[in-house]
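Residue numbers (the numbering used here): 839 to 1121. Heads up, the beta-carbon is just placed ideally off N, CA and C, and yes, glycines get one too. Here the structure is a predicted model, which is why all the values come from computation and not from measurement.
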Amino acid sequence: MIPTSGELLLSPGEEHDPLDEDGHSPVPGLIHRYPDRVLFLVTDYCSSYCRYCTRSRMVGWRAGASKARWQKAIAYIGANQQIRDVLISGGDPLTIPDHHLEWLLSRLRKIEHVELIRIGTKAPIFLPQRITPDLVAMLKGYHPLWMSIHCTHPDELTPEVGAALARLADAGIPLGSQTVLLAGINDSVETMKTLMQGLVRNRVKPYYLYQCDPITGSAHFRTPVAKGLEIYQGLRGHTTGYAVPNYVIDAPGGGGKIPLLPVDPADGTGVFHDFRVTGLRAG
Ligand code: SF4
């Protein structure tokens, strides 16, 4: 979370909005890229200001949370019957007060075609005291509600984090995790295995391992794709299947998530024969 001079360098392929989220935003604060689901950015405040954040262009710019903006997004969701899944993100939605969050959840739950609500947050990891019994009791009233947790390193799995995750899991909230592969921070098989096993121990299913998005000034965080494949190979078959996340690149320009699997040197095809990586580079 500490800024370094590396952020001042603009490298080839880097952009403020590499996934073209702004180009897929029908109303402010809502990204509608895939037909049946939307990303609802409810605040630009965050519990942590990751230097590699995909939304660095907006997170922490103090626009805060605005009910008028939320209402426009909710009206859009209500008017588009194909939307069955709403991912509430930001910033970090758990930085807004419980009664505002409940206002949002209750409005979304009133929309009949919204089957699933998800919350993307780093609060259970970075601000575990935010996961109070009152918050969890409120969230429990809006099932099916899933939570996607952002976790970077096994050192983050403190006893306080363990207690926060247990409160959420005990409330029947399915927990998944996202991790960004970061050079010099978590780019080893050992670190990643410890993290993934620790998450599973805390009832969190490791879901995505992301190649670091090419946001402006992030080259010092990016590893070669080969490093991610090496880590994937070091996990697959070497630990519980539940502890193996999908290694993906979020394709520049909004092309969606591309899963990557190691190539089998024996026959040159993907080990699992469903995807082949050739000449693909990020950043
Ligand atoms: S927790 Fe997520 S939204 Fe917040 S700064 Fe980190 S990557 Fe960005």
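Using the Cβ count rule (16 or more neighbours within 10 Å means buried), how would you classify residue i?
| i | result |
| --- | --- |
| Leu846 | exposed |
| Ala1057 | buried |
| Ala1004 | exposed |
| Leu1037 | buried |
| Ala906 | exposed |
| Asp1088 | buried |
| Leu1019 | buried |
| Pro971 | exposed |
| Arg1039 | exposed |
| Ala917 | exposed |
| Gln967 | exposed |
| Thr933 | buried |
| Asp1025 | buried |
| Gly1117 | Only weak support exists for where Gly1117 lies, its pLDDT of 37 falling under 50; the coordinates are left without a value. |
| Leu942 | buried |
| Leu848 | exposed |
| Ser927 | buried |
| Ser885 | buried |
| Ser904 | exposed |
| Gly1055 | buried |
| Gly1022 | exposed |
| Ser843 | exposed |
| Gly861 | exposed |
| Gly1093 | exposed |
Quick one: does the C-beta of residue i sit closer than 7 Å to a heavy atom of the ligand SF4?
| i | result |
| --- | --- |
| Val897 | yes |
| Lys960 | yes |
| Ser886 | yes |
| Cys989 | no |
| Arg893 | yes |
| Leu929 | The amino acid occupying residue 929 in the given sequence is Gly; Leu does not appear at that position. Within the cutoff, so yes. |
Within the same chain, show all residues whose beta-carbon is closer than 8 Å to that of residue i, passing over the 5 residues directly before and after it, in chain order.
| i | result |
| --- | --- |
| Tyr887 | Met839, Val897, Gly898 |
| His1111 | The predicted model places His1111 with a pLDDT of 37, which falls under 50 and marks its position as unreliable; any figure quoted below should be read in that light. So no residue of the chain qualifies. |
| Ser944 | Tyr980 |
Which same chain residues end up closer than 7 Å to residue i when comparing Cβ atoms and leaving out the 5 residues on each side of it in sequence?
| i | result |
| --- | --- |
| Arg1119 | For Arg1119, the predicted structure reports a pLDDT of 40, less than 50, and the residue's modelled location is therefore unreliable. The matter cannot be settled from this model. |
| Pro931 | Val880, Thr881, Leu939, Ile957, Thr959 |
| Gln920 | Pro873, Asp874 |
| Pro841 | Arg889 |
| Gln1035 | Thr1077, Ala1081 |
| Arg1074 | Val1082 |
| Asn1096 | For the record, residue 1096 in the displayed sequence is Ile; it is not Asn. These residues qualify, in order along the chain: Val1086, Ile1087, Ala1089. |
With distances taken Cα to Cα, identify the nearest neighbour of residue i among the options.
| i | options | result |
| --- | --- | --- |
| Gly1091 | Asp1008, Arg871, Ile926, Gln1016 | Arg871 |
| Ile915 | Pro962, Val999, Ser863, Ile1096 | Ser863 |
| His988 | Pro1100, Gly1022, Pro1083 | Pro1083 |
| Ala913 | Thr892, Glu950, Asp993, Gly929 | Glu950 |
| Thr996 | Tyr1045, Pro962, Leu946, Tyr883 | Pro962 |
| Trp908 | Tyr883, Lys978, Val865 | Val865 |
| Ile955 | Leu977, Phe964, Pro935 | Leu977 |
| Pro992 | Asp855, Val1101, Ala1007, Val1027 | Val1027 |
| Pro856 | Cys884, Lys948, Cys891 | Cys891 |
| Val1042 | Pro935, Ala1021, Gly1010 | Gly1010 |
| Pro935 | Lys910, Ile969, Val952, Arg947 | Ile969 |
| Val974 | Ile1096, Ala1007, Arg893 | Ala1007 |
| Pro1044 | Pro1012, Leu1067, Tyr883 | Pro1012 |
| Met1030 | Gly1055, Ala1001, Glu994 | Glu994 |
| Val1101 | Leu1067, Gly1093, Gly1094, Gly1072 | Leu1067 |
| Leu983 | Glu953, Gln1049, Phe964 | Glu953 |
| Gly929 | Phe878, Arg947, His937, Leu1033 | Phe878 |
| Thr990 | Tyr1070, Ala1001, Ala1002, Phe964 | Phe964 |
| Thr1032 | Thr1061, Lys948, His937, Gly1072 | Gly1072 |
What does a CB cutoff of less than 6 Å around residue i pick up in its chain, not counting 5 residues either side in sequence?
| i | result |
| --- | --- |
| Val876 | Leu868, His870, Ile921, Val924 |
| Glu859 | Ile869 |
| Glu853 | none |
| Tyr1046 | Gln1016, Pro1083, Asn1084, Val1086 |
| Glu1188 | This structure cannot settle anything about residue 1188, because the visible part of the chain is limited to 839 through 1121. |
| Phe1059 | Tyr890, Leu1020, Ala1021, Cys1050 |
| Ser894 | Ile1053 |
| Ala1002 | Pro962, Pro966, Ile969 |
| Ile1069 | Val1027, Met1030 |
Would a check of beta-carbon distances place residue i closer than 8 Å to chain C?
| i | result |
| --- | --- |
| Pro856 | Note that chain C does not occur in the displayed structure, where there is just one protein chain. |
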